[in-house]
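Read the structure below first, then the notes.
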DNA sequence: GTGGTCTAGACCACC
DNA sequence: GTGGTCTAGACCACG
């Protein structure tokens with residue numbers, strides 16, 4: 022997976038990295054156990070200070086997306102959800118409202134919004150259970 | 022429409038105000054031409070520095086959500102979408118991806134995510150037709 | 022509440038600060054809404070780099086113990102528990118085992134250990150409900 | 022007794038080994054005089070660098086939990102408590118405070134905390150009398 | 001080699 | 001004034 026930094030963005034560099042790795046994991050582009058580039062390596066390839074990379078990795082470790090093993094490197098963690106039901110729903114609701122606000126503001130119709138969402142949703146890695154359209158993975 | 026400030030949020034106050042007014046417009050709670058409270062009024066009722074309110078209004082004016090008519094007050098602008106088709110789609114796609122990432126991270130299934138989204142979508146004010154390139158702007 | 026740093030400790034400075042503030046909150050020495058010293062202030066009084074203080078505050082904010090409001094300062098957050106029941110129990114069990122191991126290693130008897138624990142427990146701020154000995158607060 | 026390494030833990034591997042052996046002794050799963058696996062054996066069975074095992078054993082020997090007899094192997098040492106009364110109490114007090122802080126932070130009530138502690142305490146190997154200043158060391 | 005901590009100092013956003 | 005971000009560079013712990 023390739024990371025890309027927009028130095029012009031209002032989003033801080035370390036948050037851009039956090040967001041991209043979160044998305045990579047959610048899409049299944051990064052699989053549990055997979056090794057990420059080392060702090061120094063990524064620092065060199067993105068032309069960013071090592072501390073900035075470390076900050077992103079630390080953040081992702083604290084929230085459980087990554088495991089870091091000093092001396093070995095940084096790895097994608099096994100998925101797990103620890104927060105309680107209500108908090109989970111509240112958070113999704115807020116995110117949904119924010120997304121819908123943007124869709125309306127951009128002038129999309131209800132149907133257009135849904136079409137886009139469904140199209141993108143197919144690329145993500147949903148938890149087991151009642152997926153309706155699920156993601157097909159190439160057999161190998 | 023009532024604005025509510027979450028002082029504990031990491032989102033700056035002026036951005037909270039911007040977001041809530043954007044959402045109010047998207048939901049139809051604020052209609053084009055409607056008058057908003059003055060900077061001083063809102064500053065008093067929210068117990069927030071007037072500069073902060075002014076900053077929010079300036080931001081909303083800059084992006085076309087509000088119109089300030091000197092001496093008269095601040096009004097909700099007529100809806101208009103100016104950005105080009107490509108940029109519009111790209112933005113919605115990015116927002117969709119971010120929303121989907123969060124849904125996956127929170128452990129929801131594809132179905133659960135859709136159910137939540139549809140439920141909330143019903144509360145928003147969608148444009149009717151499926152415009153592909155954005156609507157006409159009011160002649161001025 | 023007074024913070025004290027042991028520069029000789031194997032525990033990093035920022036973690037010492039985190040631990041002491043967590044303990045202060047758990048004891049009720051720091052109450053929700055209370056303002057903490059600013060990053061620069063604390064940095065001066067502890068003779069520690071501001072970045073180190075900021076790191077401690079960031080950590081405490083991320084885990085929900087503090088709220089930081091840029092431009093205003095850092096405040097003690099309202100208490101809340103979001104993690105699910107099983108994870109909570111597992112964590113307490115691990116901490117209990119670690120504590121008991123230390124007590125045995127130090128050569129205390131079961132009764133001595135209990136006596137110490139009860140004595141200290143009286144100084145903490147337990148959640149509502151079935152407290153047996155509860156903490157009395159001076160009327161004021 | 023079986024050792025288990027948690028590669029995802031932020032606790033360094035050698036410290037995990039130290040902690041587990043300490044706990045094993047405190048629980049009575051490892052008895053004085055018992056022989057432990059050699060560095061090389063343990064290194065193979067845990068799939069861990071021999072240096073890491075050696076570091077853990079060295080640490081445990083330094084603090085008196087283990088004895089290395091060159092050419093024979095590594096053995097669990099006879100229990101002994103050497104540190105002075107004051108330091109002993111201070112250490113237990115600190116550990117108790119840390120444990121109580123965690124219990125409060127996790128939202129447990131005083132009663133729940135006690136119940137958990139008592140349940141786990143039953144599995145440990147307590148010294149009988151209430152020695153105030155530490156036990157006699159085996160003559161050698 | 002890996003990541004973690006700490007310092008020093010600059011610049012920006014927020015209120 | 002407040003906290004947040006980023007850089008640069010040093011030193012340590014881990015495997």
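Protein chains in written order, with the working numbering: chain C, 22 to 161; chain H, 22 to 161; chain V, 22 to 161; chain Z, 22 to 161. For each residue, glycine too, the CB sits at the ideal point set by N, CA and C.
- The secondary-structure analysis by DSSP pairs residue 130 (chain C) across a beta bridge with H:148.
- Contacts with chain V at 8 Å (Cβ-Cβ) do not include residue 37 (chain Z).
- Judged by DSSP secondary structure, residue 89 (chain Z) falls within the beta strand (DSSP E) whose first and last residues are 87 to 90.
- Sequence-ordered contacts of the stretch 48 to 81 of chain Z with chain C are nonexistent [C-beta pairs closer than 7 Å].
- Contact between the stretch 39 to 55 of chain Z and the stretch 77 to 86 of chain Z is present, with at least three C-beta pairs closer than 8 Å.
- When beta bridges are read from the DSSP output, residue 56 (chain V) appears opposite V:96.
- Taking a Cβ-Cβ cut-off of 7 Å, the neighbours of residue 90 (chain C) in chain Z comprise 28, given in sequence order.
- Taking the CA atoms as reference points, residue 106 (chain V) sits about 17 Å from residue 149 (chain V).
- Proximity of residue 97 (chain C) to chain H, defined by a Cβ-Cβ separation below 8 Å, is not satisfied.
- Counting other Cβ atoms within 10 Å of its Cβ, residue 29 (chain V) stays below 16 and is therefore classed as exposed.
- Assignment of residue 42 (chain H) by DSSP, reduced to helix, strand and coil, places it in the helix class.
- In the DSSP secondary-structure assignment, residue 104 (chain C) is bridged to V:104.
- Under the three-pair Cβ rule at 8 Å, the stretch 89 to 97 of chain Z does not count as touching the stretch 108 to 122 of chain Z.
- The C-beta of residue 42 (chain C) comes no closer than 8 Å to any C-beta of chain V.
- DSSP places residue 72 (chain H) in the helix class (H, G or I) of the three-state scheme.
- Within 8 Å of the CB of residue 33 (chain H), the CB atoms of chain V belong to 91, in sequence order along the chain.
- Annotated as distal: residue 69 (chain C) and residue 104 (chain C), with beta-carbon spacing of 8 Å or more.
- Under the three-state reduction of DSSP, residue 66 (chain Z) is assigned to helix.
- Looking at C:119, C:76, C:138, C:59, the one whose alpha-carbon comes closest to that of residue 48 (chain H) is C:119.
- DSSP places residue 109 (chain C) in the helix class (H, G or I) of the three-state scheme.
- Shown here, residue 122 (chain Z) sits in a helix according to DSSP, grouped into three states.
- For the stretch 127 to 140 of chain Z, the residues whose beta carbon sits under 9 Å from a beta carbon of chain V are, in order, 127, 128, 129, 130, 131, 132, 133, 134, 135, 137, 138, 139, 140.
- Collapsing the DSSP output to three states places residue 48 (chain C) in a helix.
- Taking CB atoms only, residue 25 (chain V) has no neighbour in chain C less than 8 Å away.
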